[in-house]
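Listed in order, the protein sequences are those of chains B and R. The opening residue of the first sequence carries number 1 in the numbering used here; numbering runs sequentially from there. The opening residue of the second sequence carries number 1001 in the numbering used here; numbering runs sequentially from there. Just so you know, even glycine gets a beta-carbon here, dropped at the ideal spot from N, CA and C. Data first, discussion second: the structure below is written as structure tokens.
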Amino acid sequence: DAMVIQNPRYQVTQFGKPVTLSCSQTLNHNVMYWYQQKSSQAPKLLFHYYDKDFNNEADTPDNFQSRRPNTSFCFLDIRSPGLGDAAMYLCATSRTGTGAEGQPQHFGDGTRLSIL
Amino acid sequence: QKEVEQDPGPLSVPEGAIVSLNCTYSNSAFQYFMWYRQYSRKGPELLMYTYSSGNKEDGRFTAQVDKSSKYISLFIRDSQPSDSATYLCAMSLVYNFNKFYFGSGTKLNVKP
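Okay, structure coming up:
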């Protein structure tokens, strides 16, 4: 089945120690998104890639970076995690472009990040 | 004011009940409307997707959009314990459909 896969499912890191979360997709979608979701809250968009074009949300802290080396993979780097960065991180994909407006996003199962 | 408002619940119903979940929104430019189901410690799973106004039915699920009232609903018929989850509404604009606006989710508990 085509899907969005996130690794690892659970990640524990130390305060200030860089961490990388990964996402891969077999849907061949051209847009990939990273969201942060805290308990009982809506997912909060951090940034997205439209093909190779990176689009950062205005309120995403500089501590969060992303890389998309190819269509299938996308990474979220947190350079110096703070206690407030403990959350579920969700990767999503969608197909968009002419004739594909408004297509829904498809999510992975997330990586739950804990900060010690 | 949030762009999308959703009652957090929890909503507790007996098995077999009809469930009504709702979201209101403030931006009349929203054109695409989605409902996602999210089980504990899992990612959101797309349930329903509609464009503009009207109804859409898929099995036990019916999505309604009332753009004049800026109100969307998800109905679940013959609810099952396996429907127990958090339901998130989401919507996007016709001119910026890459950006989704989510409600904070309604937690539903269907009791056997």
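At least three beta-carbon pairs within less than 8 Å, the segment 53-73 of chain B to the segment 1016-1026 of chain R: no
Using DSSP bridges, identify the partner residues of B:Arg67. Translated into positions along the first sequence, residue 67 of chain B becomes position 67. Looking at the DSSP assignment, B:Arg67 forms a beta bridge with B:Phe75.
Report the rounded CA-to-CA distance for B:Gly15 versus B:Ser80, giving the unit in angstroms. Working through the first sequence from its first residue, we reach residue 15 of chain B at position 15. Working through the first sequence from its first residue, we reach residue 80 of chain B at position 80. For the sequence presented, residue 15 of chain B should be read as Phe rather than Gly. If you take the alpha carbons of B:Phe15 and B:Ser80, they lie about 7 Å apart.
Cβ closer than 7 Å: which chain R residues qualify as neighbours of B:Gln41? Looking up residue 41 of chain B in the first sequence gives position 41. Within 7 Å Cβ-Cβ: Ser1104.
Cβ-based neighbour list, R:Ser1104, same chain, cut-off 7 Å, excluding 5 preceding and 5 following: Within the second sequence, the letter at position 104 stands for residue 1104 of chain R. Correct list, in chain order: Gln1006 and Pro1008.
Anyone know if the C-beta pair for R:Gly1091 and R:Val1019 falls short of 8 Å? As a working note, residue 1091 of chain R is residue 91 in the second sequence. As a working note, residue 1019 of chain R is residue 19 in the second sequence. In the sequence as displayed, the identity of residue 1091 of chain R is Met instead of Gly. Contact: no.
For R:Pro1081, collect the residues of the same chain with a Cβ closer than 7 Å to its Cβ; drop the 5 residues on either side in sequence, then sort them by chain order. Locating residue 1081 of chain R in the second sequence gives position 81, where the first residue counts as 1. Result list for R:Pro1081: Glu1015, Val1110 and Pro1112, in chain order.
Could you spell out where the beta strand (DSSP E) holding R:Glu1005 opens and where it closes? Position 5 of the second sequence holds residue 1005 of chain R. That run of the beta strand (DSSP E) goes Val1004 to Gln1006.
Determine the DSSP secondary structure at B:Pro18, reduced to helix, strand or coil. Here residue 18 of chain B refers to the residue found at position 18 when the first sequence is read from its first residue. Coil at B:Pro18, not helix or strand.
Buried or exposed: R:Tyr1036, going by 16 or more other Cβ atoms within 10 Å of its Cβ? Locating residue 1036 of chain R in the second sequence gives position 36, counting from the first residue. If you draw a 10 Å sphere on the C-beta of R:Tyr1036, you find 16 or more other C-beta atoms in it, and that means buried.
Within 8 Å (strictly less), CB to CB, does R:Lys1070 reach chain B? The count along the second sequence starts at 1 and reaches residue 1070 of chain R at position 70. So no, R:Lys1070 is outside the interface.
Which residue marks the beginning of the beta strand (DSSP E) containing B:His29, and which one marks its end? The sequence position of residue 29 of chain B within the first sequence is 29, counting from 1. Element bounds for B:His29: n/a, residue is neither H nor E.
List the whole-angstrom C-beta distance separating R:Tyr1148 from R:Tyr1051, where the pair is believed to meet the contact cut-off of C-beta under 8 Å. Any property of residue 1148 of chain R remains undetermined from this structure, which presents chain R solely from 1001 to 1112.
For R:Tyr1049, which option in R:Leu1074, R:Arg1041, R:Ala1029 and R:Leu1021 has the closest C-alpha, if you only look at C-alpha atoms? Taking the second sequence and counting its residues from 1, one reaches residue 1049 of chain R at position 49. For R:Tyr1049, the nearest C-alpha among the options comes from R:Leu1074.
Could you list which residues in chain R have their beta carbon closer than 7 Å to that of B:Thr96, in chain order? Walking along the first sequence from the start, residue 96 of chain B turns up at place 96. Per Cβ cutoff of 7 Å: Phe1097 and Asn1098.
Could you compute how far the alpha carbon of R:Ser1084 sits from the alpha carbon of R:Leu1108? Position 84 of the second sequence, counted from the first residue, corresponds to residue 1084 of chain R. Position 108 of the second sequence, counted from the first residue, corresponds to residue 1108 of chain R. About 5 Å.
For chain R, find out if any of its Cβ atoms is closer than 8 Å to the Cβ of B:Val31; answer yes or no. Here residue 31 of chain B refers to the residue found at position 31 when the first sequence is read from its first residue. So, interface residue.
Nearest to B:Gly84 (by Cα), restricted to the options B:Cys23, B:Val4, B:Phe64 and B:Ala92: Residue mapping note: residue 84 of chain B aligns to position 84 of the first sequence, counting from 1. Among B:Cys23, B:Val4, B:Phe64 and B:Ala92, the Cα nearest to that of B:Gly84 is on B:Phe64.
May I ask you to report which of helix, strand or coil DSSP gives B:Asp62? For the purposes of this step, residue 62 of chain B is taken as residue 62 along the first sequence, with counting starting at 1. Looking at B:Asp62 - three-state DSSP - the assignment turns out to be coil, as it is neither helix nor strand.
Which first and last residues belong to the beta strand (DSSP E) in which B:Asn56 is found? Along the first sequence, one-based indexing puts residue 56 of chain B at 56. Here the beta strand (DSSP E) through B:Asn56 covers Asp53 to Asn56.
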